[in-house]
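K.L.:
Attaching a single structure in structure tokens format; questions to follow.
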Amino acid sequence: MRNIDDLYIPLHTAMKPRDRYRIGAEGEKFGVFVADGSPLPYEGSRSVLTVLQALVERHGWKPEPEYPGGPLIALERAGASITLEPGGQLELSGAAFDNVHQICLEMSGHLAELRDISGELGITFLGVGFHPLARQEDLSWVPKSRYGIMKRYLPLRGTGGLDMMRRTSTVQANFDYSSEEGAMRSLCIALRLSPVITAMFANSPFYEGKIWGGKSRRAHTWLDVDPARQGLLASVIHGRRKFIDYVEWALDAPMFLIKRGNTILENTGQSFRSFMDYGFRGHRATQADWNMHLNTLFPEVRLKRTIEVRGADAQSSATTCALSALWTGILYDDRALDEAEALTESLTFAELDALRPAIARDALGATFRGEPLAALAERVMSIAEGGLARRARMRNGQDERVHLARLGALVSKGQCPADVLLEGLDANASGPDLQREIIARTRLV
């Protein structure tokens, strides 16, 4: 693989006609013991492994070790998967569906399966963007090969690397595209919208059992993670709407590893461009290496075989489906996409990037261009609602706007989910009583 045209293969082959567009959703959660809030370890009599094994035995999931005979780190069933993040966060990567109603049913079913298992183990799962209770030293490591490499490398590139890996949790959505221009247009618009949507979904106001003082500790953490592989991508925001805008950025991002058979070769720091030109220890770049490299990049919106929106904190059951609904209304309706483009076309990378710290701290209370960010959020909400109304995907007499109802009520008051979590709490509170209240307010099952 030495020809730059080969880099476009996964992007070109992913294109599909509009009538085959689907939506995929991903949601992470933290497992904790109800009695004391301590994190669920990877292994033991009551552990993440116990949960995975119960899902296999009771609910028809298929175990997927990283390699034959390796530790259990993932499950698969009917186009969906359950995987583990480095600190033991449990992630559902759902099947691809036609509408948001189906996504929400899948998520509800997943939580019902966890509820079936959790009670007897004395555990629960928390829907919040940053672990509200655990310190780094309280968490175990999931034995996935690339996580060990990231553990060694990312702290060299920013103070937030380990927290990003082990103490953050997110909800994401994935969308199809039919052409190069369409993909890059959607990617650009989504990147410009990403900061305000991060604010709308801010849901991590706790840190190590105390009230942190901001609204999204997850967003705060991302501010100091390897700058070469994350962020808002000036090359796309101010780009030419060609795949090369993203590919050139990805080529210059440092690698983590290459895989040959079942062997992982650590290769941190070398850019993929250098790897293509010069190789690594006698190995030459392959299509599989490029595909893996694309998976190790973490921009706020990521381009692979889908467009992946990544900027939101993990949510409660009341707002988890809202992220998929919001983006579906914008990206899958032509008029809504036009309106979103008109709303954001004057926004620059510099001003959006400068806004990120204020969003982590104040969410919709931040000021942007002289007005509360909540005003922009209301316009985004209106655009998405219009798109969903025109899509007219119905279930029980309601279209997909039903999944925006709770979020819309918050946005109309200039609030985000973190404001709900903080309601009535003393800013200086700490100790067991606050810990119990945090668990009660963030638990999913």
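Going by the numbering used here, the first residue of the sequence shown is number 131, and it counts up by one from there.
All C-beta atoms in this analysis are idealised placements derived from N, C-alpha and C, irrespective of residue type, glycine included.
Source: prediction; values computed, not measured.
How is Lys-389 classed by DSSP in three states: helix, strand or coil?
P.N.:
Of the three classes helix, strand and coil, the one that applies to Lys-389 here is strand, per DSSP.
K.L.:
Which residue comes first and which comes last in the beta strand (DSSP E) that contains Ile-134?
P.N.:
Segment: none, Ile-134 is in no beta strand (DSSP E) and carries neither H nor E.
K.L.:
Is Tyr-462 buried or exposed, if buried means 16 or more other CB atoms sit within 10 Å of its CB?
P.N.:
It is buried - the Cβ of Tyr-462 has at least 16 other Cβ atoms within 10 Å.
K.L.:
Does the distance from the CB of Leu-537 to the CB of Val-431 come in under 8 Å?
P.N.:
No, they are not a contact pair.
K.L.:
Could you tell me which of Arg-282, Ile-374, Glu-173 sits nearest to Glu-596, measuring between CA atoms?
P.N.:
Because the chain is modelled from 131 through 575, residue 596 falls outside the range shown and cannot be assessed.
K.L.:
Helix, strand or coil for Gln-445 per DSSP?
P.N.:
DSSP places Gln-445 in coil when its eight states are reduced to three.
K.L.:
Using a Cβ distance threshold of 8 Å, determine whether the segment 410–430 contacts the segment 384–397, with at least three qualifying pairs required.
P.N.:
Judged by Cβ distances under 8 Å, the segment 410–430 makes contact with the segment 384–397, as three or more pairs qualify.
K.L.:
Let me know if Tyr-307 comes out buried or exposed under the rule of 16 or more other beta-carbons within 10 Å of its beta-carbon.
P.N.:
Per the 10 Å Cβ criterion, buried.
K.L.:
My output table needs one value for Phe-305: the three-state DSSP class, helix, strand or coil.
P.N.:
In this structure, Phe-305 counts as strand in the three-state DSSP scheme.
K.L.:
Does DSSP put His-413 in a helix, a strand or coil?
P.N.:
In the structure shown, His-413 sits in a strand (DSSP, three-state: E or B).
K.L.:
Would DSSP call Phe-255 helix, strand or coil?
P.N.:
Of the three classes helix, strand and coil, the one that applies to Phe-255 here is strand, per DSSP.
K.L.:
Report the rounded CA-to-CA distance for Pro-262 versus Thr-474, giving the unit in angstroms.
P.N.:
So the two alpha carbons sit approximately 34 Å from each other.
K.L.:
May I ask you to report which of helix, strand or coil DSSP gives Phe-428?
P.N.:
If DSSP states are grouped into helix, strand and coil, Phe-428 belongs with the strands.
K.L.:
Taking the alpha-carbon positions, what's the Ala-320 to Ser-175 distance?
P.N.:
So the alpha carbons of these two residues sit roughly 43 Å apart.
K.L.:
Can the beta-carbon of Arg-322 be found less than 8 Å from the beta-carbon of Leu-485?
P.N.:
No. Outside cutoff.
K.L.:
Taking the alpha-carbon of Leu-395 as reference, which of Ala-455, Ser-275, Ala-470 has the nearest alpha-carbon?
P.N.:
It is Ser-275 whose Cα lies nearest to the Cα of Leu-395.
K.L.:
Quick check: what's the CA-CA separation for Asp-563 versus Tyr-151?
P.N.:
Straight-line Cα distance between these residues: approximately 47 Å.
K.L.:
Candidates Pro-169, Val-550, Ala-165: which alpha carbon is nearest Thr-449's?
P.N.:
If we check each option's Cα against that of Thr-449, Val-550 comes out closest.
K.L.:
Tell me whether the segment 224–232 and the segment 181–195 touch, counting them as touching only if at least three CB pairs, one residue from each stretch, are closer than 8 Å.
P.N.:
Because the criterion of three Cβ pairs below 8 Å is not met, the segment 224–232 and the segment 181–195 do not touch.
K.L.:
Note down the Cα distance separating Glu-530 from Ala-303, rounded to an integer number of angstroms.
P.N.:
If I take the Cα positions, the gap works out to 15 Å.
K.L.:
Do you know offhand how far Ala-358's Cα is from Asp-382's?
P.N.:
Going by the C-alpha atoms only, they are around 8 Å apart.
K.L.:
Are there three or more Cβ pairs, one per stretch, closer than 8 Å when the segment 137–144 is compared with the segment 434–442?
P.N.:
These segments touch.
K.L.:
Could you pull the start and end residues of the beta strand (DSSP E) that Ser-365 belongs to?
P.N.:
Careful: Ser-365 lies outside any beta strand (DSSP E), inside the alpha helix (DSSP H) at 364–367.
K.L.:
How about Gly-495 and Pro-502: do their beta carbons lie closer than 8 Å?
P.N.:
It is a contact, given that the beta carbons lie within the stated cut-off.
K.L.:
Take the Cβ of Pro-586 as the centre, count every other Cβ of all protein chains shown within 10 Å, and call the residue buried at 16 or more, exposed below.
P.N.:
It is not possible to answer for residue 586, since the shown part of the chain is limited to 131 through 575.
K.L.:
Going by the CB atoms, is the gap between Leu-353 and Gly-290 shorter than 8 Å?
P.N.:
Against a cut-off of 8 Å, the Cβ pair of Leu-353 and Gly-290 comes out as a contact.
K.L.:
If we count the other Cβ atoms within 10 Å of its Cβ and call it buried at 16 or more, is Ala-452 buried or exposed?
P.N.:
It counts as buried.
K.L.:
Please state whether the Cβ-Cβ distance between Ala-577 and Ala-493 is less than 8 Å.
P.N.:
In this structure the chain extends from 131 to 575, so residue 577 is not present and cannot be described.
K.L.:
Tell me the residue span of the alpha helix (DSSP H) that contains Leu-456.
P.N.:
Counting along the chain, the alpha helix (DSSP H) containing Leu-456 begins and ends at 450–461.
K.L.:
Since Phe-255 contacts Arg-499 with CB under 8 Å, what's their CB separation in whole angstroms?
P.N.:
The Cβ separation is near 39 Å, so there is no contact.
K.L.:
Leaving out five residues on either side along the sequence, give the residues of the same chain with a beta carbon under 8 Å from the beta carbon of Thr-351.
P.N.:
Answer for Thr-351: Phe-260, Gly-290, Asp-293, Met-294, Arg-297, Thr-298, listed in chain order.
K.L.:
Using DSSP bridges, identify the partner residues of Ser-346.
P.N.:
Ser-334, per the DSSP bridge assignment.
K.L.:
Taking 8 Å as the cut-off, decide whether the C-beta atoms of Val-541 and Ala-507 are in contact.
P.N.:
Yes, Cβ-Cβ distance for Val-541 and Ala-507 is below 8 Å.
K.L.:
Compute the distance between the beta-carbons of Ala-349 and Ile-489, then report whether it is under 8 Å.
P.N.:
The answer is yes: Cβ separation under 8 Å.
K.L.:
Using 8 Å as the threshold, is the C-beta distance between Asp-246 and Arg-188 below it?
P.N.:
Yes. Within cutoff.
K.L.:
Under the three-state reduction of DSSP, which class applies to Ala-535: helix, strand or coil?
P.N.:
Three-state result, Ala-535: helix.
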